[in-house]
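In this note's numbering, the protein residues as written are 40 to 234.
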Amino acid sequence: MSRRIRVLLTFALALAMGGLGFAVAQDGEGTETTSGAAEEAGLDATQRANLSPQEQMAEAQQVVERGNAISRQVSSMLDEARQERDIIRVTCLNDKLTQINANLRTAVNRADALEDAVEAQDTPRQNHEFTVVTVLAQKLQTLEREAQQCIGEDIFETGATSVTTEVPDDTVNPEDLPDTPVNSPVFPSPISPIS
């Protein structure tokens, strides 16, 4: 299988797994119901359909800016993990940073393609590019959360710990026990002490 086909299949699978479904289905009376990526991104179908081309380009630019901020943040966390020589965090953060940068490059390319589609007044292509940018925004958010999980338990400061032991009142006090000597066993132990 050629590399290009594998890349396309991987991308298609990622989109399907990521919830690309700006799916519009019609019921028997012709009313539309929506689900999928647009709703998860905070935009319902009517809001998304009503965005002007300039608003779509502004949203795409915000996705790119947010992606750059996420990349810088994860890069900073990676540098800190390297200084601490924490190989597990380094490996995890390096993987997430690689994925973030790949998705960010794709978002930049798609934002440029969106701008080209707006200039060409190609509405179907414009909506497609905007949908892809929306999915990439979700993927970047997911990767940011996963990178935060790479840090581990040390981000959760629990504070000073104190232990309190409560003994029930009906327990026997060791001072009240009789002082009876311990008798030697009748049969010697099979394990003899080293002399």
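The beta carbon of each residue, even a glycine, is placed where N, CA and C say it ideally should be.
### Task
Note the first and the last residue of the continuous alpha helix (DSSP H) segment covering residue 169.
162–190
### Query
What did DSSP end up calling residue 214 once you bin it into helix, strand or coil?
helix
### Message
If contact is defined by three or more beta carbon pairs under 8 Å, each pair taking one atom from either stretch, is the stretch 156–173 in contact with the stretch 123–130?
### Response
no
### Message
For residue 101, count the other beta carbons within 10 Å of its own beta carbon; 16 or more makes it buried, fewer makes it exposed. Which is it?
### Response
exposed
### Message
Relative to the C-alpha of residue 176, which candidate in 204, 144, 44, 158 has its C-alpha closest?
### Response
144
### Message
DSSP three-state label for residue 124, please.
### Response
coil
### Three CB pairs or more closer than 8 Å across the stretch 135–150 and the stretch 97–111
yes
### Alpha-carbon spacing of residue 77 relative to residue 97, whole angstroms
Only weak support is given to the placement of residue 77: the predicted model assigns it a pLDDT of 43, under 50, and the value that follows is read from those uncertain coordinates. Cα to Cα, the separation comes out at about 16 Å.
### Task
Quick one: using the 10 Å Cβ neighbour count with 16 as the cut-off for buried, is residue 149 buried or exposed?
buried
### Query
With burial defined as no fewer than 16 other Cβ atoms inside 10 Å of the residue's Cβ, what is the status of residue 132: buried or exposed?
buried
#### Entry: Beta-carbon proximity check, residue 180 vs residue 95, cutoff 8 Å
no
### Task
Apply the 10 Å Cβ neighbour rule to residue 202 and answer buried if 16 or more other Cβ atoms are within range, or exposed otherwise.
exposed
### Query
With residue 92 and residue 147 assumed to form a contact (beta carbons below 8 Å), what rounded beta-carbon distance in angstroms separates them?
Rounded, the Cβ-Cβ distance is 18 Å, inconsistent with contact.
### Query
Does the separation of the CB atoms of residue 99 and residue 182 fall below 8 Å?
no
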